[in-house]
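Undergrad: Pasting a structure below so you can have a look.
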Amino acid sequence: TWSPDQPEGDGETREGWVKIDTIAPDKSFSRVEQNLPHQYQPNRLHRVNVKTRSFGVSALAIFVLAFVDSGACISLMGVSIFYRMCPQTTQNLAVFPDTPSGAEPAALVPVDGACVPNLPQAGALPKLHCNAEGDWMVAVGGCVCNEGSEPNQNSTSCVACPVGQYKPEPGLTRCSVCPSHSRTTVEGSRVCECQSGFYRADTDITGCTAPPSAPLSLSWEYEGSGVLLRWRPPLSAGGRDDLSYTIQCRVCPIAPPAVCVRCGDSVTYSPRPSGLTQTRVLLGNLLTRVTYLIQVQAVNGVSGLSPLPPQFATVNFSTSQSVPSPVPLVHQVSRSADSITLSWPQPEQPNGEILEYQLRYYDKSTDEDSSFSLLSQTNMATVGQLSPGSIYAFQIRARNERGYGPYSNTVYFTTLGEEEHSQALQSHLPLLVGSVMGGAAFLLVAAALVLVFVFRSKRRESPYSDRLQRYITNRGGGVKYYVDPSTYEDPNEAVREFAREIDPAHIKLEAVIGAGQFGEVQRGRYRSGGRGEVAVCVRTLRPGVSEVARRAFLAEAGVMGQFDHPNVLRLEGVVTRGGPERIVTEYMDNGQLDSFLRENEGQFSVLQLVGMLRGIAAGMRYLSEKNFVHRDLAARNILVNANLVCKISDFGLSRLMRNQEKNIPTYTASLGTKIPVRWTAPEAIQHRKFSTASDVWSFGIVMWEVMSYGERPYWDMSNQEVMNAVTDQYRLPAPPSCPAALHILMLDCWTQERTERPGFDNIVSTLDRLMRHPSMLKTVTTTRPSQPLLSHAPPDFSAVLTVSDWLDALKMGRYKEEFDQAELHSLEAAAGLTLEDIRRLGVSLLGHQKKILNGAQQLRVHLNQGQIEV
């Protein structure tokens with residue numbers, strides 16, 4: 001078959017005709033099928049071979065087909081010419097016209113489509129391909145439905161979104177059901193309108209949310225010189241997760257709320273007055289003898305869109321001096337598997353009739369914010385519905401007609417376990433009969449004792465300092481947390497009880513970083529099951545050490561295993577089996593504090609240095625509350641991690657304070673004990689008496705080391721010269737560029753009389769106050785004292801004309817701002833100050849409280865004698 005479509009010249013062309021193919025029969029007509037009867041033989045007359053060939057032509061309107069007979073025994077019975085067509089169709093919301101197929105069997109003819117009217121194009125031009133069989137295939141691009149509409153079932157047109165559904169953007173996606181608290185009222189909606197009381201913020205995409213309800217259970221309590229506010233989250237957060245809290249403070253000098261005015265800028269908020277995510281805030285720098293109205297509002301991203309007034313939790317309190325003082329002690333009367341009965345004495349300063357007591361408690365393993373409370377009209381209460389074998393924290397405060405006083409110190413008691421409870425019941429059964437018979441007599445005696453005790457508690461002054469009260473509270477009847485490993489005959493027993501045994505295979509040692517008293521110190525990696533792989537410091541006991549050294553080595557692990565505080569070095573565990581004995585602790589990237597400071601001299605701001613000191617003081621407060629004396633507190637025994645967090649380490653000299661001297665827990669060292677003279681208090685050097693007060697002295701030296709960037713205390717003086725100088729009342733001068741407030745705190749720590757030194761809780765409060773008010777760190781001490789820095793001579797009031805003069809005479813001028821805020825401008829008012837007044841002014845250091853109180857008494861004498869003209 002030939003077609004005149006190609007030029008002449010090759011072997012397959014003939015005078016301009018193009019050969020398409022040779023068609024020949026593929027079966028013989030004369031063939032006789034074997035083994036078939038005659039009647040079933042093929043009909044030769046109807047044997048026809050049909051051949052189909054495809055070819056393409058040029059764009060000419062006419063072409064000619066020719067057939068050449070080669071002389072074979074065949075006949076051309078007929079010719080049929082046809083072509084295939086892809087029919088008009090609508091796909092992907094685009095219309096494609098009738099299109100002839102391609103010439104070749106594998107040919108695909110691309111066809112551009114047109115979007116259904118009024119529909120936008122999606123990306124590339126819509127396209128389909130027509131194959132040789134007349135079928136559409138290989139779709140490219142397409143069209144999309146406008147916002148508010150979606151494709152129908154066969155994607156040939158778009159239909160409007162029904163009521164209750166929406167579609168915000170053009171596309172092939174289906175309409176979506178309106179999210180919660182929103183709706184549509186017409187078909188074809190692009191957005192859903194918010195229902196009444198619900199709103200959509202600018203950053204929200206779909207749903208509608210509501211402002212939160214008011215916070216719950218707003219309460220207040222004294223904490224140091226400020227007031228701590230607590231509350232619970234609102235019942236409804238409005239369906240959002242961006243909840244925060246805002247504090248509004250008003251002063252009501254006469255009677256709230258008519259004359260309340262906004263609190264001045266002098267009131268401080270820790271951490272801040274707005275954008276709070278936690279449910280507590282500490283108010284500081286409050287005025288005295290006024291009433292405060294505090295409102296706490298919960299806000300979220302749509303709070304500003306609501307036309308309704310905001311919802312507040314409200315509380316008011318008075319800073320007058322007539323609220324009760326703290327409850328001094330809390331005792332455990334009895335306990336069971338699900339309850340604990342407590343009793344306590346009346347506050348030493350009830351300041352009127354005690355109306356009720358509020359007891360707050362929570363499981364120690366949970367957050368303090370999840371605490372519960374109950375009220376009691378008497379000095380005894382039973383707390384029920386507790387979990388067996390659990391440790392609970394308790395605090396109690398008293399209320400008179402002026403309001404609640406501060407909470408007592410936290411005490412810890414534990415409920416009986418299930419087995420202990422069963423054993424206790426069995427052991428008590430034989431005593432029940434005797435108990436009933438003796439009950440009447442016991443009640444009479446107990447009533448008499450209670451009357452005597454209450455009478456005496458009202459009449460006498462407490463012989464204990466705040467520090468001793470805290471010591472007794474934490475030890476009396478509660479859970480004893482610290483155990484001295486030296487009380488164990490076998491140090492392994494203490495280690496097994498308080499430290500976790502680590503498989504040596506889980507430790508990968510990397511490098512030797514030093515050498516200690518007992519052997520090498522190495523850096524390594526510890527593969528912990530719960531936290532993955534962590535960096536650790538591994539101290540190895542060298543072979544051949546004495547049994548005494550081995551006991552000392554293991555005893556330190558027994559000590560560290562009992563501590564859990566972010567500013568105390570964490571013990572990961574010990575290796576006592578399968579290799580050399582090791583102590584594994586967390587790894588501190590920056591090493592010892594003294595060398596770290598020397599290497600980075602001048603690189604930190606004063607606020608950063610104060611933050612380091614605050615962490616050390618917080619760790620020492622934790623240790624002192626456990627009745628634990630360190631005895632070797634120095635910058636060389638403080639480790640620093642990568643985040644500049646300081647942690648107390650080296651507990652080789654640490655001991656439990658068992659003795660009582662002048663109502664102060666004390667540890668007395670044996671003769672011949674090594675003492676770090678430059679860091680040790682005078683009473684510890686002279687009489688080997690160690691207490692929390694001696695650790696406070698050492699902390700003052702650490703403060704000096706930090707502010708001098710690792711300078712050696714007392715420079716090149718010998719130990720004997722240091723002891724003589726301290727005995728002669730010489731104290732270290734302020735380091736260069738050291739703020740005066742910090743040097744004054746050092747001098748307080750170096751008070752000769754140990755009972756007048758501040759406690760670590762007061763030190764932490766003072767450092768917190770300095771960090772909240774950085775302006776107090778701008779005054780720098782530049783002079784070096786040429787005489788003893790502590791003087792007990794009476795102040796000279798001969799030139800005193802104002803309260804400011806009086807404070808300067810007492811060398812307490814740092815508190816002028818507090819006196820001005822409290823409007824104490826007359827000498828008569830200063831002369832009438834009580835200890836409670838001084839505490840409410842924000843004077844937290846015990847030595848300063850005593851100095852101002854004595855100064856007020858001396859001022860009163862001078863005023864009565866007419867020695868001062870007012």
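Going by UniProt numbering, 361 is the number at position 361 of the sequence shown; the sequence numbering is gapless. Glycine included, C-beta positions come from ideal geometry on N, C-alpha and C.
Write down the C-beta distance between residue 405 and residue 325 rounded to the nearest angstrom, noting that I regard them as a contact closer than 8 Å.
TA: Walking along the sequence shown from the start, residue 405 turns up at place 405. Walking along the sequence shown from the start, residue 325 turns up at place 325. With 8 Å as the limit, residue 405 and residue 325 qualify as a contact, their Cβ atoms being about 6 Å apart.
Undergrad: With DSSP collapsed to three states, give me the class of residue 313.
TA: Counted from its first residue, the sequence shown places residue 313 at position 313. In this structure, residue 313 counts as strand in the three-state DSSP scheme.
Undergrad: Should the region 332 to 351 be regarded as contacting the region 362 to 371, the criterion being three or more beta carbon pairs within less than 8 Å?
TA: no
Undergrad: Where are the beta strand (DSSP E) runs, 3 residues long or more, that stay fully inside the region 332 to 365, in chain order?
TA: 340 to 343 and 356 to 363
Undergrad: Select from 844, 800 and 817 the residue whose C-alpha is nearest the C-alpha of residue 856.
TA: The count along the sequence shown starts at 1 and reaches residue 856 at position 856. When each option's Cα is compared against that of residue 856, the closest is 800.
Undergrad: For residue 702 versus residue 634, is the C-beta distance shorter than 8 Å?
TA: The residue labelled residue 702 in the question sits at position 702 within the sequence shown. The residue labelled residue 634 in the question sits at position 634 within the sequence shown. The answer is yes: Cβ separation under 8 Å.
Undergrad: According to DSSP, residue 167 sits in a beta bridge with which residue or residues?
TA: The residue given as residue 167 occupies position 167 in the sequence shown. None; residue 167 has no bridge partner.
Undergrad: For residue 124, which of 152, 142 and 114 has the nearest alpha-carbon?
TA: By 1-based counting over the sequence shown, the position of residue 124 is 124. Nearest option by C-alpha distance: 142.
Undergrad: Runs of 3 residues minimum, wholly inside the region 535 to 623: which ones carry the beta strand (DSSP E) assignment?
TA: Whole beta strand (DSSP E) segments, 3+ residues: 571 to 575 and 582 to 586.
Undergrad: Name the residue from 65, 80 and 76 whose alpha carbon lies nearest to the alpha carbon of residue 52.
TA: By one-based count along the sequence shown, residue 52 stands at place 52. If we check each option's Cα against that of residue 52, 80 comes out closest.
Undergrad: Quick one: grab the DSSP three-state call for residue 859.
TA: On the sequence shown, residue 859 is found 859 positions in, with the first residue counted as 1. Three-state result, residue 859: helix.
Undergrad: I need the straight-line Cα distance from residue 506 to residue 535, nearest angstrom please.
TA: Numbered from its first residue, the sequence shown carries residue 506 at position 506. Numbered from its first residue, the sequence shown carries residue 535 at position 535. Roughly 12 Å between the two C-alpha positions.
Undergrad: Going by the beta-carbon positions, is the gap between residue 292 and residue 317 smaller than 8 Å?
TA: The count along the sequence shown starts at 1 and reaches residue 292 at position 292. The count along the sequence shown starts at 1 and reaches residue 317 at position 317. In this structure, residue 317 lies closer than 8 Å to residue 292 by Cβ.
Undergrad: Cα separation between residue 533 and residue 502?
TA: Numbered from its first residue, the sequence shown carries residue 533 at position 533. Numbered from its first residue, the sequence shown carries residue 502 at position 502. Going by the C-alpha atoms only, they are around 14 Å apart.
Undergrad: Helix or strand or just coil, what does DSSP make of residue 711?
TA: Indexing the sequence shown from 1 puts residue 711 at position 711. In this structure, residue 711 counts as coil in the three-state DSSP scheme.
Undergrad: Out of 414, 159 and 145, which has the shortest C-alpha to C-alpha gap to residue 172?
TA: The residue labelled residue 172 in the question sits at position 172 within the sequence shown. Of the candidates 414, 159 and 145, the one whose C-alpha sits nearest the C-alpha of residue 172 is 145.
Undergrad: When the Cα of residue 408 is compared with those of 577, 395 and 400, which residue comes out closest?
TA: As a working note, residue 408 is residue 408 in the sequence shown. The shortest Cα separation from residue 408 among 577, 395 and 400 belongs to 395.
Undergrad: With a Cβ-Cβ cutoff of 8 Å, do residue 151 and residue 161 count as a contact?
TA: Counted from its first residue, the sequence shown places residue 151 at position 151. Counted from its first residue, the sequence shown places residue 161 at position 161. No.
Undergrad: In this structure, how does DSSP classify residue 88 when only helix, strand and coil are distinguished?
TA: Counting from 1 along the sequence shown, the entry for residue 88 is found at position 88. Residue 88: coil per DSSP, three-state reduction.
Undergrad: With DSSP as the reference, label residue 746 as helix, strand or coil.
TA: As a position in the sequence shown, residue 746 is number 746, starting the count at 1. The answer is helix: DSSP assigns residue 746 an H, G or I state.
Undergrad: Quick one: give me the first and last residue of the alpha helix (DSSP H) that residue 414 is part of.
TA: On the sequence shown, residue 414 is found 414 positions in, with the first residue counted as 1. Segment 411 to 414 is the beta strand (DSSP E) holding residue 414; no alpha helix (DSSP H) there.
Undergrad: Taking all protein chains shown into account, decide if residue 577 is buried (16 or more other Cβ within 10 angstroms of its Cβ) or exposed.
TA: For the purposes of this step, residue 577 is taken as residue 577 along the sequence shown, with counting starting at 1. Looking at its Cβ environment, which holds fewer than 16 other Cβ atoms inside 10 Å, residue 577 is exposed.
Undergrad: Under DSSP, the beta strand (DSSP E) around residue 395 begins and ends at which residues?
TA: Residue numbering aside, residue 395 sits at position 395 when the sequence shown is read from its first letter. Residues 391 to 400.
Undergrad: Give the straight-line distance between the Cα atoms of residue 573 and residue 584, rounded to the nearest whole angstrom.
TA: Translated into the one-based positions of the sequence shown, residue 573 becomes position 573. Translated into the one-based positions of the sequence shown, residue 584 becomes position 584. Cα-Cα distance, rounded: 5 Å.
Undergrad: Kindly indicate which residue of 539, 369 and 359 has the alpha-carbon position closest to the one of residue 379.
TA: Counting from 1 along the sequence shown, the entry for residue 379 is found at position 379. That would be 359, whose Cα lies nearest to the Cα of residue 379.
Undergrad: List the DSSP bridge partners of residue 267.
TA: Looking up residue 267 in the sequence shown gives position 267. In DSSP, residue 267 forms no bridge with anything.
Undergrad: Mind listing, in chain order, the continuous alpha helix (DSSP H) runs of no fewer than 4 residues lying wholly within the region 812 to 858?
TA: The alpha helix (DSSP H) runs lying completely inside the region 812 to 858 and spanning 4 residues or more are 816 to 821, 827 to 831 and 835 to 840, given in chain order.
Undergrad: Are the CB atoms of residue 758 and residue 732 within a distance shorter than 8 Å?
TA: Walking along the sequence shown from the start, residue 732 turns up at place 732. Walking along the sequence shown from the start, residue 758 turns up at place 758. No, Cβ-Cβ distance for residue 732 and residue 758 is not below 8 Å.
Undergrad: Can you tell me the Cα-Cα spacing of residue 647 and residue 699, whole angstroms?
TA: Start at 1 with the first residue of the sequence shown, and residue 647 comes out as number 647. Start at 1 with the first residue of the sequence shown, and residue 699 comes out as number 699. Roughly 13 Å between the two C-alpha positions.
Undergrad: DSSP three-state call for residue 289: helix, strand or coil?
TA: Taking the first residue of the sequence shown as position 1, residue 289 is located at position 289. Three-state result, residue 289: coil.
Undergrad: Taking residue 54 and residue 105 to be in contact with their CB atoms under 8 Å, please state how far apart those CB atoms are, rounded to whole angstroms.
TA: For this step, residue 54 is matched to residue 54 along the sequence shown. For this step, residue 105 is matched to residue 105 along the sequence shown. Yes, residue 54 and residue 105 are in contact; Cβ-Cβ is about 6 Å, under 8 Å.
Undergrad: Spell out the partners DSSP gives residue 96 in its beta bridges.
TA: Sequence index remark: in the sequence shown, residue 96 carries index 96 (1-based). Answer is 89, bridged to residue 96.
Undergrad: State the DSSP-derived secondary structure class of residue 213, mapped to helix, strand or coil.
TA: Here residue 213 is taken as the residue at index 213 of the sequence shown, counted from 1. In this structure, residue 213 counts as coil in the three-state DSSP scheme.
Undergrad: How about the region 704 to 719 and the region 755 to 774: do they share at least three Cβ pairs that are nearer than 8 Å?
TA: The region 704 to 719 vs the region 755 to 774: no contact.
Undergrad: Can you tell me whether residue 188 is buried or exposed? The criterion is at least 16 other CB atoms within 10 Å of its CB, across all chains shown.
TA: Numbered from its first residue, the sequence shown carries residue 188 at position 188. Buried.
Undergrad: For the alpha helix (DSSP H) containing residue 763, name the first residue and the last one.
TA: Here the question's residue 763 lines up with position 763 in the sequence shown. Where residue 763 is concerned, the enclosing alpha helix (DSSP H) stretches over 760 to 772.
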